[in-house]
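Residue numbers in the sequence shown follow the numbering used here, run continuously in steps of one, and reach 174 at the last position.
Before any comments, here is the structure.
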Amino acid sequence: MNKDSKKQVVAELHDKLDRAKAVFLADFRGLSVGKVTELRDELRKADVEYRVVKNTLLELAVRDTDKLALSEHFAGPTAVALTYTDPVSAAKVLSRYEKDPQTPFKLKGGVLSGKTISVADIQALADLPSREVLLAKMLGSMNAPATNFVGVLAAVPGSFVRALNAIRIQKEG
């Protein structure tokens, strides 16, 4: 790789790091080609970009971004997972591979919205429900008061009708 192409890779990576909501670093040593392909496919489905990058190029790319704290993890082979949308889905996929005893995949750390996160934080992020589930729960919570109010309003006429019916039965009998 010549100097110009390295500069181009650094510039492209710098732009991607700057735009990413979350960046996760991992050591992928020992993964078979099949497992790497499987991991890439799962990450692609989760809308996550996964790349293997030389540490020296990565070191240059994180300069002047809020991902500078990642520098402490630039040792050994480094894979970068970038997500621009949902960090939880990315964390779920990466965490599942790290927990699998059959794969030597190891998370190193990451940055979420400009804040450094540890491997334990990534695991905690992976344990969160998905964005869709959280939105559904929030919508359910927002609808509950209105639903209860409608139920109370509907109960008043129903109670009135039952009372009138009881009076009718009492007068007939």
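The beta-carbon is built from N, C-alpha and C at its ideal position, and this holds for glycine as well.
Range covered by the beta strand (DSSP E) that runs through residue i
i	result
K107	107–113
L228	Nothing in the structure corresponds to residue 228, since the chain is present only between 2 and 174.
D128	Run containing D128: none in the beta strand (DSSP E); it sits in the alpha helix (DSSP H), 120–128.
Beta-carbon gap between residue i and residue j smaller than 7 Å
i	j	result
H74	L126	no
A23	P130	no
F29	A76	no
V112	L59	no
A12	Y85	no
L108	V120	yes
L32	F106	yes
K7	T104	no
Residue i (DSSP reduced to helix, strand or coil)
i	result
T57	helix
K116	strand
R45	helix
R52	strand
F150	helix
F25	strand
G159	helix
A76	coil
V134	helix
G141	helix
G35	helix
Q103	coil
S172	According to the sequence shown, residue 172 is Lys rather than Ser. Three-state result, K172: helix.
Neighbourhood of residue i by C-beta distance below 8 Å, restricted to the same chain and skipping five residues each side
i	result
P78	D28, F29, R30, V53
Sequence-distant residues of the same chain with beta carbon closer than 7 Å to residue i, five excluded per side
i	result
D122	none
F161	none
S96	I123, Q124, A127
V10	L58
L69	V63
Boundaries (first-last residue) of the alpha helix (DSSP H) holding residue i
i	result
D19	4–20
R97	88–100
Same chain, Cβ closer than 6 Å to residue i, neighbours up to 5 away in sequence not counted
i	result
D67	G115
E50	L83
Sufficient close CB pairs (3 or more, under 8 Å) joining the region 33–46 to the region 88–100: Here the region 33–46 lies against the region 88–100, with 3 or more beta-carbon pairs under 8 Å apart.
Stretch pair the region 58–73 + the region 165–172: three plus CB contacts closer than 8 Å: The region 58–73 makes no contact with the region 165–172: fewer than 3 CB pairs, one atom from each, lie closer than 8 Å.
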